[in-house]
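Novice: Sharing a structure below in structure tokens format, with a few things to ask.
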Amino acid sequence: MTAEVKGEGLLCCTSPQRLAQKEGEQVTVEGCVHNIRELGGIAFVILRTGRYLIQTVYDQKVCKNQLGELEDGCYVSAAGTVRLEKRAAGGVELLLDHFTVLSRPAAAYPLNMADPDLKATLGTNLEYRTVSLRHPRERAVFRIMEGIENGFREFMLANDFAEIHSPKITAISAEGGAEVFRLKYFGNDAVLAQSPQFYKQMSVAFFGRVFEVGEVYRAELHNTSRHLNEYVGLDFEMGYIRDMYDVMNMETAMLRHVMEYIAAHYQPEIELLGIHLPKVETIPAVKFADALAYLKTVGGGKNRNDLTADDEVLLCDHIRRESGSEFVFVTHFPSVKRPFYVMDDPENPKEAFSFDLLFRGLEITTGGQRIHDYEMQVAKMRARGMDPKDFESFLTAHRYGLPPHGGLGIGLERLTTKLCDLANIRQASLFPRDLNHLVP
């Protein structure tokens, strides 16, 4: 016995723009009852589709159903005539002819979906995450995140980067330290990947340029507004570079493309969230030592090897006032604070060819030039008290040759947080994982 597969359902997510093109026609829209506002003999029934709010009008003289059949949270299939109405969201509405209730909620929402802003504490928001994400503003954040990822991928592919997917269960960690999730793997010791770093570098040998979008894991105990234990990394690695500035220039061009992509494809979310997209032109760069010297004049710079969260805010404010840029590269970090695979400046080995990119007061990127020479990499490992035998699989790529290369990693949730002007990174994680959240 065979069954015919029909394709009508492929068009179930209807935009106001597409509806407006069918003015005067009868169409069917599927969605969830977001809100009902009764006004005598008529009512406005707002349907929530996968991306939009669609205003439908219930007139008891026209619709074949009773309004009492509907309640907030019902999923329905609604048929009616398309009318242009500039006061409605999207400039269009549907005069209901009839509807079918597809499913009903077993309980009322614990949160008010009709409020323009979700009135809930972060704790309540996360406790009822499967409900809070139904709110238009909450879910719009993740459409913007989608836009960042789509723009990133489009740019990478257009610039000859091959997309890879590296393993997330590994034998060794790329960053080292205690911030590693350890597990048993069929009797062997393993860790969850802190970064795709090693695999990116290996892949440069055969692809030349690679990128990846994937989860990374950090077992850090920071319970702050900017840290997660599982997040999404946008990574790329490129061969045949002259220096780390080639990597920085590539990121600048990529971010410019991403902002243009979001502007072209995500206007509903931009308007809903009130997003100000930054102009990405030439991004200023300042050496870490110079940044530290400035910060000490304004009460910061107390950590001589790194920037604190407060330092990042102070420095970004200073650069924005000075140049108008909301981004700033900080380069030449102290070598002792950068991983063993980062190349040091031969003229000043205390400084590494490594950079961070700060955006609106938050570090969103770490990158730099890598060591490609086998002997140089082994020597740096030994200088740090590391046993090269523990990294044999990684060093194999160096032994058989790598081009000069470098790359970076971007925290997708961090970039989304700042782009959407959110107070806490957990608001930019669909189902965040931190010290206190393992469900839902």
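Using the numbering used here, you'd call the opening residue of the sequence shown number -15 and step up by one each time. Idealized CB from N, CA, C, for every residue including glycine. Small disclaimer: the values here were computed from a predicted structure and weren't measured.
From ASP43 to PRO100, what does the alpha carbon distance come to, in whole angstroms?
Specialist: Taking the straight line joining both Cα atoms gives about 25 Å.
Novice: Which value, in whole angstroms, describes the spacing of the CA atoms of THR(-2) and VAL66?
Specialist: Looking at the two C-alpha atoms, the distance is approximately 12 Å.
Novice: Expressed to the nearest angstrom, what Euclidean distance is found between the alpha-carbon atoms of PHE428 and GLU310?
Specialist: This structure cannot speak to residue 428, because the chain is shown only from -15 to 424.
Novice: Going by other Cβ atoms of all chains shown within 10 Å of its Cβ, with 16 needed for buried, is LEU141 buried or exposed?
Specialist: That one is exposed.
Novice: Quick test of the definition: if touching needs 3 or more C-beta pairs under 8 Å, does the stretch 108 to 127 touch the stretch 150 to 167?
Specialist: Output reads no: the stretch 150 to 167 does not touch the stretch 108 to 127.
Novice: Which residue's Cα is closest to the Cα of GLY25: THR12, GLY393, THR401 and CYS47?
Specialist: With distances taken between Cα atoms, GLY25 lies closest to CYS47.
Novice: Under 6 Å Cβ to Cβ from MET238, same chain only, skipping five residues before and after it: list those, please.
Specialist: Here the set comprises PHE139.
Novice: Let me know the beta strand (DSSP E) ranges lying completely inside the stretch 92 to 127, each 3 residues or longer, listed in chain order.
Specialist: You should have found no qualifying run.
Novice: Between the alpha carbons of LYS263 and ASP56, how many angstroms are there, rounded?
Specialist: Those two C-alpha atoms are separated by around 41 Å.
Novice: Per DSSP, which one or two residues make a beta bridge with SER87?
Specialist: Partner(s): TYR59.
Novice: Determine the burial state of ARG202: buried for a count of at least 16 other Cβ atoms within 10 Å of its Cβ, exposed for fewer.
Specialist: By the 10 Å Cβ count, ARG202 comes out buried.
Novice: Measuring CB to CB, does PRO330 end up less than 8 Å from HIS356?
Specialist: Their beta carbons are not under 8 Å apart, which means PRO330 does not touch HIS356 by this criterion.
Novice: Does the stretch 180 to 197 come into contact with the stretch 209 to 227, if we say contact requires no fewer than three beta-carbon pairs (one atom in each stretch) closer than 8 Å?
Specialist: These segments touch.
Novice: Name, in chain order, the residues that DSSP records as bridge partners for GLY390.
Specialist: In the DSSP output, where bridge partners are listed per residue, GLY390 has MET222 and GLN353.
Novice: Taking the C-alpha atoms as reference points, what is the distance between ASP405 and ARG383?
Specialist: If you take the alpha carbons of ASP405 and ARG383, they lie about 46 Å apart.
Novice: Could you give the first and the last residue of the continuous alpha helix (DSSP H) run that contains LEU299?
Specialist: First-last of the alpha helix (DSSP H) with LEU299: 293 to 307.
Novice: Tell me the DSSP secondary structure of LEU379 in three-state form.
Specialist: Of the three classes helix, strand and coil, the one that applies to LEU379 here is helix, per DSSP.
Novice: Roughly how many whole angstroms lie between the Cα atoms of GLU375 and GLY135?
Specialist: Rather than Glu, the amino acid found at residue 375 in this sequence is Phe. Their backbone Cα atoms lie some 35 Å apart in a straight line.
Novice: Short of 7 Å in beta carbon distance, which residues of its chain neighbour THR114, apart from the five on each side in sequence? Order them along the chain.
Specialist: Counting only Cβ-Cβ distances below 7 Å, and skipping sequence neighbours, we find PRO424.
Novice: Going by DSSP, what residues sit across from ALA27 in a beta bridge?
Specialist: According to DSSP, which records beta bridges pairwise, ALA27 is partnered with GLU22 and TYR42.
Novice: Along the chain, where does the beta strand (DSSP E) containing PRO333 start, and where does it finish?
Specialist: Where PRO333 is concerned, the enclosing beta strand (DSSP E) stretches over 332 to 336.
Novice: Could you check whether GLU296 and GLY351 sit closer than 8 Å to each other, using their CB atoms as the reference points?
Specialist: No, they are not a contact pair.
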